[in-house]
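K.L.:
Remember, the working numbering sits 1 above the position in the sequence shown when you count from 1.
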Amino acid sequence: MITNEKILQIDSMDAKQLLKELKKTPINNEYFGVHILLLNELSKFSKGKTVEKTLLEFTESEYPVLRATAFDALLKNGHKQVIHAAIKHLEDEQKVVIRCIELLGYHNKKQIVPRLIGFLKDEREWVRFYSAINLGVLLENSNKVLNVYIHQENNPVVLVGLYYGIAYQVTEDQEYIRLIDQIGQILLETEKGEYKMTIIDILADLAYPEYQNNVFTIYNEFTKKETDEKTKNYITGAIQLIKNRNS
2 MITNEKILQI DSMDAKQLLK ELKKTPINNE YFGVHILLLN ELSKFSKGKT
52 VEKTLLEFTE SEYPVLRATA FDALLKNGHK QVIHAAIKHL EDEQKVVIRC
102 IELLGYHNKK QIVPRLIGFL KDEREWVRFY SAINLGVLLE NSNKVLNVYI
152 HQENNPVVLV GLYYGIAYQV TEDQEYIRLI DQIGQILLET EKGEYKMTII
202 DILADLAYPE YQNNVFTIYN EFTKKETDEK TKNYITGAIQ LIKNRNS
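1) So what does DSSP say about G79, is it helix, strand or coil?
2) Taking the C-alpha atoms as reference points, what is the distance between K231 and L204?
3) Alpha carbon to alpha carbon, what distance is there between F72 and K96?
4) By alpha-carbon positions, which one of K50, T55, Y209 and N234 ends up nearest to N221?
5) Looking only at its chain, what residues have a beta carbon closer than 6 Å to the beta carbon of I200, apart from the 5 residues adjacent to it on each side?
6) Look at the Cβ atom of L39, then the Cβ atom of L23, and state whether they are nearer than 7 Å.
7) Between which two residues does the alpha helix (DSSP H) harbouring E22 extend?
8) If distances are taken between C-alpha atoms only, which option among A239, L147, N109 and V98 comes closest to L121?
9) Distance check for Y169 and N142, CA to CA, integer angstroms please.
10) In whole angstroms, what separates the C-alpha of V128 from that of T191?
11) Just how far apart, CA to CA, sit K193 and V158?
12) Classify G194 as helix, strand or coil using the three-state DSSP reduction.
13) How would you write the range of the alpha helix (DSSP H) that K233 sits in, first residue to last?
14) Taking just the CA atoms, how far does A16 sit from L163?
15) Is the beta carbon of L105 less than 7 Å from the beta carbon of A87?
16) Ordered along the chain, which non-local residues of its own chain (more than five positions away) have a Cβ less than 8 Å from that of V216?
17) Am I right that V114 and L139 are in contact with their C-beta atoms under 8 Å? What's the rounded C-beta distance?
18) Y131 and E103 look like a contact to me (Cβ under 8 Å); what is the Cβ gap, rounded to whole Å?
19) Measuring straight from C-alpha to C-alpha, what distance separates E195 and K226?
20) Using CA atoms only, rank isn't needed, just tell me which of L67, T4 and P210 is closest to N30.
21) Please go through the same chain and pick out, in chain order, the residues whose beta-carbon is closer than 8 Å to the beta-carbon of N247, but skip the five residues on each side of it.
22) Run through DSSP, which three-state label would K122 get?
Below, the structure is given as structure tokens:
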């Protein structure tokens with residue numbers, strides 16, 4: 002277990018200190034929490050040559066959680082070798098694949114569009130979800146592809162990803178609001194806590210100033226029926242985030 006003192010200590014470290022701490026930390030289950038914290042902190046320095054090299058080494062770790070965390074830390078690094086590694090690891094386990102999809106989408110790598118379309122049929126729900134939302138960014142007229150899969154998909158969080166991918170390119174207010182309402186209805190009907198958090202985040206992403214009241218209406222309706230206090234608090238945080246962003 003990581004103590005608060007250790008967290009504060011790591012938070013105050015510079016790149017050199019983080020790398021030194023990482024090097025002396027044993028790689029086993031007992032210390033994964035420390036590794037994840039250190040790798041996350043190194044994300045601030047991910048474009049530096051030594052940090053990049055270290056993070057790329059961790060993308061080849063035998064442990065999926067460390068591979069995924071390393072790619073997450075490299076998110077804003079678009080260097081050729083990072084992109085190459087992310088493309089290679091699209092064949093990896095789910096938690097690694099979704100971090101690679103995020104990274105490649107962040108850097109607008111359109112060459113992965115065929116892979117993402119293929120992933121819409123993948124058996125892993127989160128691979129389908131991240132593929133759908135990134136197709137909205139990378140594929141022009143993505144609605145033509147995503148609409149086909151809406152009629153084939155029955156997983157609620159993946160459906161939300163498909164609607165989000167379509168919403169990303171919508172230009173008409175009425176259609177955008179319709180998609181927000183569709184996602185809101187899925188939130189109201191969803192039982193799984195993990196899905197609820199993700200859908201709340203998706204709605205927050207869609208809540209531009211002219212649409213925030215549509216999202217707030219959904220949040221309020223959801224809060225009336227939700228019994229889990231943690232989820233209610235998450236809604237409160239999402240509302241505050243939207244208000245701060247749109248003010």
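Cβ atoms here follow ideal geometry from the backbone N, Cα and C, with glycine treated the same way.
P.N.:
Reading off the structure:
1) G79 carries a coil assignment under DSSP once its states are collapsed to helix, strand and coil.
2) Their Cα atoms are separated by approximately 18 Å.
3) Spanning the two alpha carbons is a distance of roughly 10 Å.
4) When each option's Cα is compared against that of N221, the closest is N234.
5) Cβ within range, chain order: V161 and L188.
6) Yes, these two residues count as a Cβ contact at 7 Å.
7) Taken as a continuous stretch (DSSP letters only), the alpha helix (DSSP H) holding E22 covers A16 to K25.
8) The shortest Cα separation from L121 among A239, L147, N109 and V98 belongs to L147.
9) Their backbone Cα atoms lie some 10 Å apart in a straight line.
10) A straight line joining the alpha-carbon of V128 with that of T191 spans about 19 Å.
11) K193 and V158: Cα-Cα distance of roughly 10 Å.
12) Look at G194 here: in three-state DSSP terms it is helix.
13) DSSP places K233 inside the alpha helix (DSSP H), whose first and last residues are E230 to N247.
14) In this structure, the CA atom of L163 is about 39 Å from the CA atom of A16.
15) Yes; because the gap between Cβ atoms is below 7 Å, this pair is in contact.
16) Around V216, the same chain offers I181, G185, L204, A205, L207, A208 and I243 as residues with beta carbons nearer than 8 Å, after the five sequence neighbours per side are excluded.
17) Under the criterion of beta carbons closer than 8 Å, V114 and L139 qualify as touching, at roughly 5 Å.
18) Taking a contact as a CB-CB distance under 8 Å, the pair Y131 and E103 counts as one, their CB atoms being some 6 Å apart.
19) Approximately 17 Å, taken between the alpha carbons.
20) If you compare the alpha carbons of L67, T4 and P210 with that of N30, the shortest gap goes to L67.
21) A208, Y209, P210 and Q213.
22) In the structure shown, K122 sits in coil (DSSP, three-state: anything other than H, G, I, E or B).
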